[in-house]
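Read the structure below first, then the notes.
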Amino acid sequence: MTEEQNYITSDEAVDLTNCDREPIHLLGGVQGYGCLIATSSDFMVNHVSENVQDILQVSPDDAVGGRLIDLLPEKTVHDLRTKLQLLNVETSSSRLFGYDALGDGKLFDVSVHMLDQTYVFEFEPKIHTENRDEMSLVQPLIARVRRANDIKAACDQAAMAVQVMSGFDRVMVYQFDEDGTGEVIAEKRKSSMEPFLGLRYPASDIPKQARALYLRSTLRLIADVDGMVSPITPPTNVQGIPMDLSLSVMRAVSPIHLEYLRNMGVAASMSVSIIKDGKLWGLFACHHETPHHVDFERRTAIELFAQFFSYELVQKIDIASRVQSSEARQMHDNLMIQLSGGTNLINGFEMIADELRGLIANDGVAVYSDGRYASVGNAPDEVEFKKLARFLNTAPTGQVFATHRLAALYPDAADFSADVAGVLAVPISRTPRDYIVFFRREVAKSVKWAGDPNKPVEVGPNGIRLTPRKSFDAWSEMVRNTSARWTDSEVQIGESLRVSLIEIVLKLTDNANEARQKAADKQELLIAELNHRVRNILNLIQGLVSQSRAGAQDVATYTKVLDGRVQALARAHDQLTRHEWSPSSLRQLIDVEVNAFLTDAKDRVSITGDAPMLRPDAFSTMALVIHEMVTNAAKYGALTDRSGKISIDLRIQDDGALQIEWREIGGPPVQAPSRQGFGTTIIEKTIPYELKGTVKTRYLMTGFEADIMIPSTAISDIQEVVADDSLSIVDNKESRSLNLSGDVLVVEDNMVIALDASDILKDNGADSVHMSGSVADALAVLEANTITFALLDVNLGDQTSLPVAEVLADRNIPFVLATGYGDTESITASYPPAIIAKKPFTAESLVAAISSALSSPDH
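Residue 2021 is where the sequence shown ends in this note's numbering, and the numbering goes up by one at each step.
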């Protein structure tokens, strides 16, 4: 086949699918940033790229047909042989970084792979020779992906990570659909670039053979779309077959693809495969507006990141699938409970339709059983459905039938009174067939295409073959007589529904009636228990109303006292119901009461000892007791002035009883009450009467004291877990927050620290965060954007951020200096006046520093 025949002949029909026939692995050259040597299995040179002369000082004419040992030092050949021995089915290539291939001190990154008994060695001159640990970037970046809550957030983090590692202007996460089309689902780009997020691209933009190569060779760099290509010599082997460059890291690029990139304004690109379950799930697609080379060692780190990302993606997809399956199973079980209880499918259909709607998304649902029909939502009428049922009867027996293009299979559907484009039919009997059928209406499917996928061919610079589209404006393709597709999981849910319903419909027996009677009996017991509890509560409220009247000097005092006691009961009831009437925390009860009743004295109450859980009956009693004791401390005791404190010690005894020691100290002198009011009665009498415990009170000059014993019958065997041996009840003030806005600048040479700082700033109101790793980049950002705040790392490797700080000070832009150095005085001496944030900083410490900077009189 001639080169012209590799593409599209002048006499054949031309459309986008012609791209699928381009032999992109047989393009006969390599990109100019490296060179290639290919040998036979006995290390005789078969092919070289012509630029071996410039890169390895090897003459192509002398090399071909000769021995590899005559071209390279013996040690180099030995090391290359060793790398070849490490290759296996799982490892398609082996690599050397910073290797002295010629023995003259000049370093190369080397790739070694084997294909069809041919050994291929590729050499890239090492551009960055300083010591770098590229792999150390992978773990912290993957950790950010792992912390993401869902697939979308994980893809956003991954796009940012690849952009940081590669330096490309734009990084997209591109996901393939089953039909080969793809959509940009995440994107990180320069602010000046047109957004591609949400655009869909036709399958021909990444042809079949390209997608196949992405599975074999997972990273592809095009450093310069206009760069030199070095031809392979000789172009074919002795059988006249071009050299297969499928696994070559610097394989030349299809002229069609280069033309495509130029039309997009892309001067350099990189693609990294995202593989799930052995299939190509998507790509990291990277674009740069100028030529951009990423050295082999950094590319390898990016490739490793992509592999780890694939593992994280699988986990997040599996988690999402499990959650969806669990929710569907719960809905399925709820529906089965209703039906197994004897609910009639037809008469009770409106009730079970809600469960069905939650089970499988639909616009309408219908049931056809024993010749009767019922429907809810957008569905055909009975006459139309009975005709449709005859069509459904032709489907295979005992299977769920689903289609998103009903009219294409059953033309009468186009004349339905309802808008029905898709159906999922679940047979729920054997013969004659009964059905539950889900309907979906037509979707006017607005797809944002990056250009028209059906645009006719144009005559391009390479003759009559496809020239990529010149326009990438979004347009809408309307799909008619088509509904949203039924997913595999929805079909599986339908199958599960089919099996369950057939079993229930065929096997309903008297057991269902028995179960229904048991449920009715249980309901009666619950109603009786509820009546009992309501009567008890009403009796208690009646007693509070009556007893609180005694000693009240006026209506206002009476109302206040009564309201406090009722509210204490309400708070206790809330705490009990939150725990479903199970044992509740005494510490939490005290905390709630103090926080509800006292505003300025909460930091003067402390609890030590154990963390007992009270049984529900005892909890309401203790709520009143604690309320009265806190109220008395505030009115007469330790909390009436600013010096008094209360300490409460809780100790569970060997016999399971709870000993409470209440001590008030530092307040005014205390006198015993001249008469016993209702509050004192609650404290001293309710615990012995209600709980069979004991209470001893002492009104000492130094402060009120009480010793309370609550028997084990009121205490749960389970203790609350607390972090410390003591608990102080303090005012829980909200953490300090900021009101940042607009664009902010982070100047930091450590990428992970910069990303963390960026997250903190965005969480506190920043609209956009620009990250710079050098003074030059930071100054460029300041020139191109209106910056409202900046965070500067002092040490940027071989320079400091002082020039940036001086520009910020001149423009009166507030900033904070971040440093790990202990001697901050020497820093403030050379910099403009600034707030210092010590590393490692936390979100709280950084927010505090920024708040101080923003509140400075100068800003």
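We put the CB at the ideal spot given by N, CA and C, even for glycine.
In this structure, the alpha-carbon of G1520 lies about 11 Å from that of V1527. One Cα belongs to R1813, the other to T1842, and the distance between them is close to 24 Å. The Cβ atoms of T1783 and L1862 do not sit closer than 8 Å to each other. In the same chain as V1300, and ignoring 5 residues on each side of it, the C-beta atoms closer than 7 Å to its own belong to A1463, L1466, F1467, F1470, in chain order. Across the structure, I1590 and K1441 are spaced so that their CA atoms are roughly 36 Å apart.
With a contact defined as Cβ atoms closer than 8 Å, E1349 and A1321 qualify at about 6 Å. Our two residues, E1517 and M1871, have alpha carbons roughly 52 Å apart in a direct line. Your pair M1432 and R1378 does not check out as a contact, with CB atoms roughly 17 Å apart and the cut at 8 Å. Around the beta-carbon of L1953, 16 or more other beta-carbon atoms lie within 10 Å, marking it buried. In this structure, DSSP gives Y1336 an extended state, which the three-state scheme calls strand. In this chain, the alpha helix (DSSP H) harbouring T1783 covers 1778-1797. Scanning its chain for C-beta atoms nearer than 6 Å, with the 5 sequence neighbours on each side dropped, one finds around R1351 the residues R1332, in chain order. The shortest C-alpha to C-alpha distance from D1241 to any of N1311, T1649, F1283, A1564 is the one to F1283. Boundaries for P1976: no beta strand (DSSP E) harbours it, and the DSSP string shows neither H nor E there. Excluding residues up to 5 positions away in sequence, F1270, V1272 lie with their Cβ nearer than 6 Å to the Cβ of Y1261 in the same chain. Looking only at R1491, A1385, E1421, F1553, the smallest Cα-Cα distance to Q1654 is reached by R1491. Assignment of N1957 by DSSP, reduced to helix, strand and coil, places it in the strand class. In the three-state DSSP reduction, G1520 falls in the helix class (H, G or I).
In the three-state scheme derived from DSSP, where H, G and I count as helix and E and B as strand, Y1422 is classed as helix. Rounded to whole angstroms, the Cβ separation of M1405 and I1394 is 5 Å, and the two are in contact under 8 Å.
Taking a cut-off of 8 Å on C-beta distances, the stretch 1905-1917 touches the stretch 1941-1950, as three or more cross pairs fall below it.
Going by C-alpha positions, V1335 is about 20 Å away from I1481. As summarised for the stretch 1282-1324, the continuous alpha helix (DSSP H) elements at least 4 residues long and confined to that stretch are 1300-1309, given in chain order. Taking C-beta atoms as the reference points, L1507 and V1529 count as a pair closer than 8 Å. With a 10 Å radius around the Cβ and a threshold of 16 neighbouring Cβ atoms, A1576 comes out exposed.
Sixteen is the threshold: since fewer than 16 other Cβ atoms of the shown chains lie within 10 Å of the Cβ of S1203, the residue is exposed.
P1404 is bridged by DSSP to T1398. DSSP places D1266 outside both helix and strand once states are collapsed to three, so it counts as coil. Bridge pairing for E1345: Q1337, R1362 [DSSP].
Sequence-distant Cβ neighbours of Y1993 in its own chain, meaning closer than 7 Å and more than five residues away, are L1964, A1967, L1979. Under DSSP, the beta-bridge partners assigned to P1589 are Y1597. Secondary structure of F1458 (DSSP, three-state): helix.
Just so you know, the alpha carbons of W1824 and L1958 end up roughly 58 Å apart. Check the Cα spacing between S1874 and each of L1820, V1545, D1543: the tightest is with L1820. With contacts defined by Cβ atoms closer than 8 Å, V1307 and A1316 form a contacting pair. Secondary structure at A1868: strand, using DSSP grouped into helix, strand and coil.
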